[in-house]
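Peer 1: Quick one: structure below, then a few questions.
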Amino acid sequence: MQLPKQVKIVEVGARDGLQNEPTPVPLEIKLGLIERLESAGLSVIEAGSFVSPKWVPQMASSAELFQQINQKPGVSYPMLVPNLKGLEGALAAGVKEIAIFAAASESFTQKNINCTIEESIARYSDVMTQAKQQGLLVRGYVSCVLGCPYEGEIAPERVADVARHLYEMGCYEISLGDTVGVGTPTKAQQMIDAVSQFVPVEKLAAHFHDTYGQALANLYAVLQRGVSIIDSSVSGLGGCPYAKGASGNVATEDVLYMLNGLGIKTGIDMDKLLQAGDYISRHLQREPASKVARALSVAG
Ligand code: HMG
Ligand code: MG
Numbered sequence: 001m002q003l004p005k006q007v008k009i010v011e012v013g014a015r016d017g018l019q020n021e022p023t024p025v026p027l028e029i030k031l032g033l034i035e036r037l038e039s040a041g042l043s044v045i046e047a048g049s050f051v052s053p054k055w056v057p058q059m060a061s062s063a064e065l066f067q068q069i070n071q072k073p074g075v076s077y078p079m080l081v082p083n084l085k086g087l088e089g090a091l092a093a094g095v096k097e098i099a100i101f102a103a104a105s106e107s108f109t110q111k112n113i114n115c116t117i118e119e120s121i122a123r124y125s126d127v128m129t130q131a132k133q134q135g136l137l138v139r140g141y142v143s144c145v146l147g148c149p150y151e152g153e154i155a156p157e158r159v160a161d162v163a164r165h166l167y168e169m170g171c172y173e174i175s176l177g178d179t180v181g182v183g184t185p186t187k188a189q190q191m192i193d194a195v196s197q198f199v200p201v202e203k204l205a206a207h208f209h210d211t212y213g214q215a216l217a218n219l220y221a222v223l224q225r226g227v228s229i230i231d232s233s234v235s236g237l238g239g240c241p242y243a244k245g246a247s248g249n250v251a252t253e254d255v256l257y258m259l260n261g262l263g264i265k266t267g268i269d270m271d272k273l274l275q276a277g278d279y280i281s282r283h284l285q286r287e288p289a290s291k292v293a294r295a296l297s298v299a300g
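In my numbering, the protein residues as written are 1 to 300.
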């Protein structure tokens, strides 16, 4: 068993974490969160999305937000884009990196972006062509990789097929989302085995939700397969507007605690990360979903 020596953490709390919040989170709070994540040492902070404000109202202020981020050298701030209109908005705001988001389930794709998987690939291919012309970096997501809230089981081959399309069109990294958090470790490994036949494992990110309490076990399982990029959300913020009942992304604090224990480097400072989690949890008037944050706040 060989584990990576270093892991890149992609912090998705400001986007995936907050997109489902029913009450608008003020811009200055989002900026305060991003600032604290930067000072904790996170080098990739997904900040928002250029999607329809009717579909996801919480992300409506993403252009203003992006423009007001006090960008730190060496940190990237990817923004989600579902179509050419979203790309236009991202370019106008000066975004340098976008993420396109597909899914391995037809029903989820329909509910999430109102088209079929095939249509989504065609749409994203147009987005990719223009994004490349403008020199943008493009990350790709595949959702429902270990199960779908509408269709149940998803075969690893279906995940591999969508991931291959995104990789072949030019995504530099493919993030594999267990959107509803139903996966278990062997299934997670089988899914990685299927996808890595088409996309090199060093380009794969694990984006796991903790709905069934399996996220850390699944992460440990895919680390053993050589995955070295993990998406997580400070304080375990999140859920998905189109995946009812899905709880948050695995908490960044919990991932960091596990990686520290395994001797895997991340460059992230736990104390400062806890401060970022505390800041957003206080604003939301909610206990952090992170077990590590709860344990350390009692201990400290
Ligand atoms: P549609 O209704 O089919 O779009 O939605 P349309 O092209 O027919 O346009 C309808 C209206 O939306 C028009 O406005 C457009 O201008 C506007 P109207 O004429 O009615 O005033 N519109 C837009 N406005 C702003 N930005 C845009 C945009 N596009 C159209 N980009 C659409 C299709 C894709 C827009 C919609 O379904 C949508 O915004 N979906 C995004 C949903 C979303 O953000 N979901 C959460 C993402 S999380 C996820 O996918 C999982 C992930 O986190 C990984 C994981 O956890 O597993 C990535
Ligand atoms: Mg997610």
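Where is the CB? At the ideal position from N, CA and C, for every residue including glycine.
Could you pull the DSSP bridge partners for Met309 from this structure?
Peer 2: The chain is shown only over 1 to 300; residue 309 falls outside these bounds and no answer can be derived.
Peer 1: Any heavy atom of the ligand HMG closer than 7 Å to the CB of Leu80?
Peer 2: Counting from one through the sequence shown, the residue named residue 80 turns up at place 80. Yes; taking the cut-off as 7 Å, the Cβ of Leu80 has a heavy atom of the ligand HMG nearer than that.
Peer 1: Could you check where the alpha helix (DSSP H) with Ser62 kicks off and where it finishes?
Peer 2: Position 62 of the sequence shown, counted from the start, is the residue given in the question as residue 62. Segment 62-68, the alpha helix (DSSP H) holding Ser62.
Peer 1: Going by Cα to Cα distance, which pick from Ile280, Ala289, Gly263, Ser228 is closest to Asp210?
Peer 2: Here residue 210 refers to the residue found at position 210 when the sequence shown is read from its first residue. Of Ile280, Ala289, Gly263, Ser228, the residue nearest in Cα terms is Ala289.
Peer 1: Which of the three DSSP states is assigned to Ser247 in this structure?
Peer 2: If you number the sequence shown from 1, residue 247 lands on position 247. Ser247 falls in the coil class under three-state DSSP.
Peer 1: Looking at C-alpha atoms only, which residue of Phe66, Lys265, Glu253 is the closest neighbour of Ala295?
Peer 2: By 1-based counting over the sequence shown, the position of residue 295 is 295. The residue with the shortest Cα to Cα distance from Ala295 is Glu253.
Peer 1: Find out if the Cβ-Cβ distance for the pair Glu151, Ser120 is shorter than 8 Å.
Peer 2: Residue 151 sits at position 151 when you count from the first residue of the sequence shown. Residue 120 sits at position 120 when you count from the first residue of the sequence shown. No, the pair does not count as a contact, with Cβ atoms beyond the cut-off.
Peer 1: Tell me, please, which residues DSSP counts as bridged to Pro174.
Peer 2: Position 174 of the sequence shown holds residue 174. The question names Pro, yet the displayed sequence has Ile at residue 174. Gly140, Leu204.
Peer 1: Using the Cβ count rule (16 or more neighbours within 10 Å means buried), how would you classify Ala40?
Peer 2: Your numbering for residue 40 matches position 40 in the sequence shown. Its Cβ being crowded by 16 or more others within 10 Å, Ala40 is buried.
Peer 1: Using CA coordinates, which residue listed in Leu274, Lys291, Ile98 is at the minimum distance from Thr129?
Peer 2: Working through the sequence shown from its first residue, we reach residue 129 at position 129. Checked all of Leu274, Lys291, Ile98; the closest Cα to Thr129 is Ile98.
Peer 1: 8 Å is my cut-off, CB to CB: does Val250 come that close to chain D?
Peer 2: In summary, chain D is missing from the structure at hand, where a single protein chain is found.
Peer 1: Give the DSSP-derived three-state secondary structure of Ile316 in the structure shown.
Peer 2: Any property of residue 316 remains undetermined from this structure, which presents the chain solely from 1 to 300.
Peer 1: Under the criterion of a Cβ to heavy atom distance below 7 Å, does Tyr141 qualify as lining the ligand HMG?
Peer 2: The residue labelled residue 141 in the question sits at position 141 within the sequence shown. Yes, the beta carbon of Tyr141 sits closer than 7 Å to at least one heavy atom of the ligand HMG.
Peer 1: Given a threshold of 16 other Cβ atoms within 10 Å of its Cβ, counted over all protein chains shown, does Gln214 qualify as buried or as exposed?
Peer 2: Numbered from 1 along the sequence shown, position 214 holds the residue referred to as residue 214. So Gln214 ends up on the buried side.
Peer 1: Would the C-beta of Pro193 count as close to the ligand MG, meaning under 7 Å from any of its heavy atoms?
Peer 2: Translated into positions along the sequence shown, residue 193 becomes position 193. The amino acid occupying residue 193 in the given sequence is Asp; Pro does not appear at that position. No, the ligand MG has no heavy atom inside 7 Å of this Cβ.
Peer 1: Quick one: give me the first and last residue of the beta strand (DSSP E) that Lys8 is part of.
Peer 2: Position 8 of the sequence shown, counted from the start, is the residue given in the question as residue 8. It spans 8-11 - the beta strand (DSSP E) in which Lys8 sits, taken as one unbroken run.
Peer 1: Find the nearest neighbour of Asp278 within the set Leu262, Ser297, Ala122, judged by alpha-carbon distance.
Peer 2: Here residue 278 is taken as the residue at index 278 of the sequence shown, counted from 1. Ranking Leu262, Ser297, Ala122 by Cα distance to Asp278 puts Ser297 first.
Peer 1: Once the 5 residues before and after Glu21 are set aside, which same chain residues still bring their CB inside 6 Å of it?
Peer 2: Within the sequence shown, numbered from 1, the residue matching residue 21 stands at position 21. So the list reads Gln58, once near-sequence residues are dropped.
Peer 1: Any heavy atom of the ligand MG within a distance shorter than 7 Å of the CB on Val255?
Peer 2: Residue numbering aside, residue 255 sits at position 255 when the sequence shown is read from its first letter. False, no ligand heavy atom lies under 7 Å from that Cβ.
Peer 1: So, are the CB atoms of Met258 and Leu216 less than 8 Å apart?
Peer 2: On the sequence shown, position 258 is the one that residue 258 refers to. On the sequence shown, position 216 is the one that residue 216 refers to. Taking 8 Å as the Cβ cut-off, Met258 and Leu216 qualify as a contacting pair.
Peer 1: Can you pull every residue whose C-beta falls closer than 5 Å to some heavy atom of the ligand MG, listed in chain order?
Peer 2: This selection yields Asp16, Asn249.
Peer 1: Apart from the five residues just before and just after Gly89, which ones in its own chain have a Cβ nearer than 7 Å to its Cβ?
Peer 2: Position 89 of the sequence shown, counted from the first residue, corresponds to residue 89. Hits under 7 Å: Phe50, Ala63.
Peer 1: For Ser281, which of helix, strand or coil comes out of DSSP?
Peer 2: On the sequence shown, residue 281 is found 281 positions in, with the first residue counted as 1. Looking at Ser281 - three-state DSSP - the assignment turns out to be helix.
Peer 1: If you follow the beta strand (DSSP E) that Ala102 is in, where does it begin and where does it stop?
Peer 2: Residue mapping note: residue 102 aligns to position 102 of the sequence shown, counting from 1. Looking at the DSSP string, the run of the beta strand (DSSP E) that includes Ala102 is 97-103.
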